[in-house]
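A short write-up of the structure that comes next.
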Amino acid sequence: MAGEVSLICQVGRERIQITGGSQLAYVLVEARPTNGTAGGGAQARMPLNFALVLDHSGSMKGAKLRAVKDAVKLVVNSMMPTDFVSIVIFDDNVRVVVPAQPATDKAGIAALVEGIRDGGGTAMSLGMSMGLTELRKHASPNTVNRMILLTDGVTYGDADRCRRIADDAGASGIGIYPLGIGADWDEDLLDNVGQRSSGMPAEFIKRPDDALTLFERQFQSATAVSVRNTQITVRLPAGVTPKKAVKVLPVITEQNPETLSDREVVVNLGDLERDTPQAALLELMVEPRPEGTFRIAQAELSYDVPGRGQEKVRSDVIVNFTNDPVPPEEANPVVMNYAEKSNAHRLVTRVLDEYKKNGKVTTRLHPNVTRILDPETQRLLDQVTGGGTITAEDVKSIGNKTRKLTQRFE
Amino acid sequence: MTIRCSQGHENPEGSAFCDECGEQLGAAYATAPADAATATTPQPIAMPAGAPKLVVEADSTTFDLAGKTEVVIGREDPVSNIYPDVDLTAHGGEEGGVSRLHAKLLLNDSQYLIEDQNSTNFTFVNKQKLAPKTPTAIKDGDEIRLGRVALTFHTA
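Protein chains in written order, with my numbering: chain A, 1 to 410; chain U, 411 to 566.
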């Protein structure tokens with residue numbers, strides 16, 4: 001029996017005035033975990049299968065490595081004996097410090113973590129590949145399989161290999177959760193690796209002191225997983241084509257244009273955590289229709305319930321075409337809010353990409369975009385659009401904050 | 411058919427925001443006559459003596475609060491269907507970082523309170539930043555700042 005997750009579809013406008021031309025329609029598709037479990041009673045959390053893949057290159061020396069060791073020990077200490085953990089370190093080489101094992105010998109694992117020393121360069125794909133090997137030893141449909149990937153630098157010449165490993169991980173139901181520490185890591189690659197694996201884009205550990213909180217959050221979010229392999233498929237009838245798809249919850253993530261075909265849009269949500277809804281916003285081009293009620297899309301949500309297999313729910317997306325004027329108040333404020341914020345995120349990302357590539361910016365942002373950003377971000381964006389410079393850390397910080405714009409509704 | 415933003419960027423009909431610069435294409439989204447939208451806009455009205463009011467410091471516009479127990483302060487946004495009682499759009503709201511739902515003024519047992527609604531740029535009373543969603547008592551003559559827009563609260 002389904003019921004672990006509800007599927008909620010909302011349109012920007014339920015009534016569309018006929019104009020004789022194609023029109024853009026906004027559709028918000030949300031997967032919201034319900035509180036009760038279908039089997040009845042509070043379900044124990046799913047066992048975790050974690051690989052902690054850690055950069056210990058020379059640049060990690062000092063406060064960064066110290067903070068990461070403490071954070072890793074905290075995560076291991078919080079684990080239950082039913083959880084599995086492995087720890088892999090990489091520089092230009094790779095070493096398995098803790099082979100995949102139940103999280104029982106916490107003192108022994110802590111001692112091994114303490115023994116990690118800094119040194120060497122950065123070849124991230126080696127670490128990722130070994131982490132994946134360790135994860136596969138205990139991966140099952142009933143475990144939460146995650147690679148926590150920490151780095152402070154730019155990997156050398158193996159970025160494509162990292163992306164391929166992320167694809168492999170995704171195909172095996174293993175999500176990668178990248179953490180970038182310091183100012184020198186490559187946010188494009190880490191975001192991409194997270195997204196390809198159905199994990200999350202990179203989190204930014206701005207100061208070593210923040211490592212503890214961010215590692216702990218990774219642990220907490222994994223323990224909240226209720227269903228796995230969640231996917232939204234939106235099927236489109238003739239005369240409706242997708243223009244854009246963007247994940248808007250829990251954070252804004254542009255979807256690869258590959259996920260848009262003429263007939264359907266597929267958005268992978270990966271693990272779904274209790275109390276954390278996920279949602280995608282679609283922009284659809286709808287060809288002219290006569291007056292009346294039409295289905296412009298059908299959304300399907302599929303997910304795996306541990307120990308029980310796949311469930312599916314469907315929902316129709318209906319609009320009314322009318323010759324009557326449609327007052328602006330009919331716009332759905334929730335949908336329009338997500339539309340505004342995802343558009344702002346896309347444009348800010350464009351500005352940052354331009355800045356990183358050319359060192360100057362030609363995109364001009366309308367005040368509609370900048371007004372929803374915090375004052376610090378506004379100031380920094382004014383600086384780059386005015387021809388000034390900002391630091392690599394600022395670039396990461398703006399990206400990280402803008403992605404979370406949808407976490408507040410105002 | 412396409413619609414253009416003020417910079418001339420083309421967007422498909424039905425778009426709420428420009429793809430190129432992010433400008434809100436509200437007019438295109440609103441298919442009703444313009445006066446339908448403005449009819450719901452709260453207008454500052456003449457102030458009877460002895461009534462509570464908010465005065466915008468920059469332009470001395472007065473918002474009468476008489477007879478109201480809850481007043482929403484923010485910026486009108488037809489696209490999001492948000493029409494605050496005190497709309498600061500025309501009083502520096504946009505440049506001044508006022509959120510659409512910025513703050514609420516509440517009347518409770520003859521005590522006026524102000525509550526920040528999780529605004530982006532915060533609410534300040536006499537230069538003190540308020541915690542979001544925490545009603546704070548205000549009195550005659552207090553300065554209330556929303557983002558960078560300053561107002562004075564008067565009970566008489």
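All residues carry an ideal CB built from backbone N, CA and C; glycine is no exception.
Inset, instruction - Could you tell me whether the Cβ of residue 236(A) comes closer than 7 Å to any Cβ of chain U? - result: Stepping through the first sequence from its first residue, residue 236(A) is reached at position 236. No - not a single Cβ of chain U is within 7 Å of the one on residue 236(A).
Inset, instruction - Go through its chain and collect everything with a Cβ distance to residue 183(A)'s Cβ below 8 Å, but skip five positions before and after it. - result: For this step, residue 183(A) is matched to residue 183 along the first sequence. Same-chain partners within the cutoff: 391, 392, 393, 396.
Inset, instruction - Count the other CB atoms, across all protein chains shown, that sit within 10 Å of the CB of residue 415(U); report buried if there are 16 or more and exposed otherwise. - result: Numbered from 1 along the second sequence, position 5 holds the residue referred to as residue 415(U). Buried, because 16 or more other Cβ atoms sit within 10 Å of the Cβ of residue 415(U).
Legend entry - Continuous alpha helix (DSSP H) stretch holding residue 326(A): start and end: Taking the first sequence and counting its residues from 1, the one referred to as residue 326(A) is at position 326. Careful: residue 326(A) lies outside any alpha helix (DSSP H) and carries neither H nor E.
Inset, instruction - Compile a chain-ordered list of the residues in the segment 284-301 of chain A whose CB is closer than 7 Å to at least one CB of chain U. - result: 285
Inset, instruction - Could you confirm whether any beta carbon from chain A is found closer than 7 Å to the beta carbon of residue 424(U)? - result: The count along the second sequence starts at 1 and reaches residue 424(U) at position 14. True, the Cβ-Cβ gap to chain A drops below 7 Å.
Legend entry - Buried or exposed (CB count within 10 angstroms, at least 16 for buried), residue 152(A): Position 152 of the first sequence holds residue 152(A). Counting Cβ neighbours within 10 Å, residue 152(A) comes out buried, since at least 16 surround it.
Inset, instruction - Grab the span of the alpha helix (DSSP H) containing residue 159(A) for me, first residue to last. - result: By one-based count along the first sequence, residue 159(A) stands at place 159. From DSSP, the alpha helix (DSSP H) with residue 159(A) extends over 159-171.
Inset, instruction - Grab me the residues of residue 290(A)'s own chain with a C-beta within less than 8 Å of its C-beta, minus the 5 sequence neighbours each way, in chain order. - result: Numbered from its first residue, the first sequence carries residue 290(A) at position 290. Correct list, in chain order: 18, 321.
Inset, instruction - Whole angstroms is fine: what's the gap from residue 137(A)'s alpha carbon to residue 229(A)'s? - result: Within the first sequence, residue 137(A) is the residue found at index 137, counting from 1. Within the first sequence, residue 229(A) is the residue found at index 229, counting from 1. Those two C-alpha atoms are separated by around 19 Å.
Legend entry - Within chain A, the residues that residue 488(U) reaches when beta carbons sit closer than 8 Å: Indexing the second sequence from 1 puts residue 488(U) at position 78. Residues of chain A passing the Cβ test: 328, 329, 331.
Legend entry - Start-end ranges of the beta strand (DSSP E) lying completely within the segment 27-93 of chain A, minimum 3 residues: 48-55, 84-90
Inset, instruction - Using the Cα positions of residue 82(A) and residue 70(A), report the straight-line distance between them to the nearest angstrom. - result: The residue you call residue 82(A) lines up with position 82 of the first sequence. The residue you call residue 70(A) lines up with position 70 of the first sequence. Going from the Cα of residue 82(A) to the Cα of residue 70(A) covers about 22 Å.
Inset, instruction - Could you list the residues in the segment 356-372 of chain A with a C-beta less than 8 Å from some C-beta on chain U, going in chain order? - result: Taking 8 Å as the Cβ-Cβ cut-off against chain U, the residues of the segment 356-372 of chain A that qualify are 363, 364, 365, 366, 367, 368, 369, 371, 372.
Inset, instruction - Report yes if the C-beta of residue 420(U) is less than 6 Å from at least one heavy atom of the ligand ATP; otherwise report no. - result: In terms of ligand content, the structure shown is empty, and the ligand ATP therefore cannot be addressed.
Inset, instruction - Quick one: grab the DSSP three-state call for residue 561(U). - result: Your numbering for residue 561(U) matches position 151 in the second sequence. Residue state, collapsed to three classes: strand.
Inset, instruction - Establish whether the CB of residue 262(A) and some CB of chain U are separated by less than 7 Å. - result: Position 262 of the first sequence, counting from 1, holds the residue named residue 262(A). For residue 262(A), the answer is no, since every Cβ of chain U falls outside 7 Å of its Cβ.
Legend entry - Neighbourhood of residue 467(U) by C-beta distance below 7 Å, restricted to the same chain and skipping five residues each side: Here residue 467(U) refers to the residue found at position 57 when the second sequence is read from its first residue. Cβ within range, chain order: 560, 561, 562.
Legend entry - Where the segment 530-541 of chain U meets chain A: residues whose CB sits under 8 Å from a CB there: Under the 8 Å Cβ criterion, the segment 530-541 of chain U contributes 530, 531.
Legend entry - CB of residue 526(U) within 7 Å of CB of residue 547(U), strictly: To locate residue 526(U), count along the second sequence from 1; it is residue 116. To locate residue 547(U), count along the second sequence from 1; it is residue 137. Not a contact, by the Cβ cut-off of 7 Å.
Inset, instruction - Jot down the residue ranges of each uninterrupted beta strand (DSSP E) in the segment 286-350 of chain A, minimum 3 residues, whole runs only, in chain order. - result: Counting only unbroken stretches of 3 or more residues, the beta strand (DSSP E) elements lying wholly within the segment 286-350 of chain A are 292-305, 309-322, in sequence order.
Inset, instruction - Taking residue 306(A) as the reference, give the member of 330(A), 227(A), 177(A) with the closest Cα. - result: For the purposes of this step, residue 306(A) is taken as residue 306 along the first sequence, with counting starting at 1. Looking at the Cα atoms, 227(A) is the closest of the given residues.
Inset, instruction - Check whether the Cβ atoms of residue 78(A) and residue 134(A) lie closer than 7 Å to each other. - result: Position 78 of the first sequence holds residue 78(A). Position 134 of the first sequence holds residue 134(A). No.
Inset, instruction - Please list, in chain order, all residues of the same chain as residue 365(A) whose beta carbon is under 8 Å from its beta carbon, the five residues on each side excluded. - result: As a working note, residue 365(A) is residue 365 in the first sequence. So the list reads 347, 348, 351, 381, 385, once near-sequence residues are dropped.
Legend entry - Span separating the alpha-carbon of residue 445(U) from that of residue 44(A): Translated into positions along the second sequence, residue 445(U) becomes position 35. Translated into positions along the first sequence, residue 44(A) becomes position 44. Caution applies to residue 445(U), whose pLDDT of 31 falls short of 50 and renders its modelled position unreliable; the model cannot decide the point.
Legend entry - Selected residue, minimal CA-CA separation from residue 103(A), among 65(A), 118(A), 50(A): Sequence index remark: in the first sequence, residue 103(A) carries index 103 (1-based). For the residues 65(A), 118(A), 50(A), the minimum Cα distance to residue 103(A) belongs to 50(A).
Inset, instruction - Pull up the DSSP beta-bridge partners for residue 401(A), would you. - result: Taking the first sequence and counting its residues from 1, one reaches residue 401(A) at position 401. BP columns for residue 401(A) are empty, so no partner.
Legend entry - residue 320(A) at chain U interface by Cβ criterion, 7 Å: As a working note, residue 320(A) is residue 320 in the first sequence. For residue 320(A), the answer is no, since every Cβ of chain U falls outside 7 Å of its Cβ.
Legend entry - Residue range of the unbroken beta strand (DSSP E) whose run includes residue 127(A): Counted from its first residue, the first sequence places residue 127(A) at position 127. Note, residue 127(A): premise wrong, no beta strand (DSSP E); alpha helix (DSSP H) at 124-136.
Inset, instruction - With DSSP collapsed to three states, give me the class of residue 177(A). - result: Position 177 of the first sequence holds residue 177(A). Reduced to three states, the DSSP call for residue 177(A) is strand.
Legend entry - Inter-residue CB distance, residue 191(A) and residue 201(A) (contact presumed, cutoff 8 Å): On the first sequence, position 191 is the one that residue 191(A) refers to. On the first sequence, position 201 is the one that residue 201(A) refers to. Rounded, the Cβ-Cβ distance is 4 Å, consistent with contact.
Inset, instruction - Would you give the residue range spanned by the beta strand (DSSP E) that residue 490(U) belongs to? - result: Locating residue 490(U) in the second sequence gives position 80, where the first residue counts as 1. Taken as a continuous stretch (DSSP letters only), residue 490(U) belongs to no beta strand (DSSP E), as it is neither H nor E.
Legend entry - Interface residues of the segment 1-32 of chain A facing chain U [CB-CB below 9 Å]: 12, 13, 16, 17, 19, 20, 21, 22, 23, 24, 25, 26
Inset, instruction - Counting only the same chain and skipping the five closest in sequence on each side, list residues whose C-beta sits under 6 Å from that of residue 186(A). - result: By 1-based counting over the first sequence, the position of residue 186(A) is 186. Once the five neighbours on either side are set aside, the close Cβ partners of residue 186(A) are 154.
Inset, instruction - Rounded to whole angstroms, what's the CA-CA distance from residue 55(A) to residue 99(A)? Just pull it up for me. - result: Within the first sequence, residue 55(A) is the residue found at index 55, counting from 1. Within the first sequence, residue 99(A) is the residue found at index 99, counting from 1. The straight-line gap separating the alpha-carbon atoms of residue 55(A) and residue 99(A) is approximately 17 Å.
Inset, instruction - Round the Cβ separation of residue 426(U) and residue 417(U) to the nearest angstrom and send it over; I've been treating them as touching at under 8 Å. - result: Translated into the one-based positions of the second sequence, residue 426(U) becomes position 16. Translated into the one-based positions of the second sequence, residue 417(U) becomes position 7. Not confirmed; about 16 Å, so no contact.
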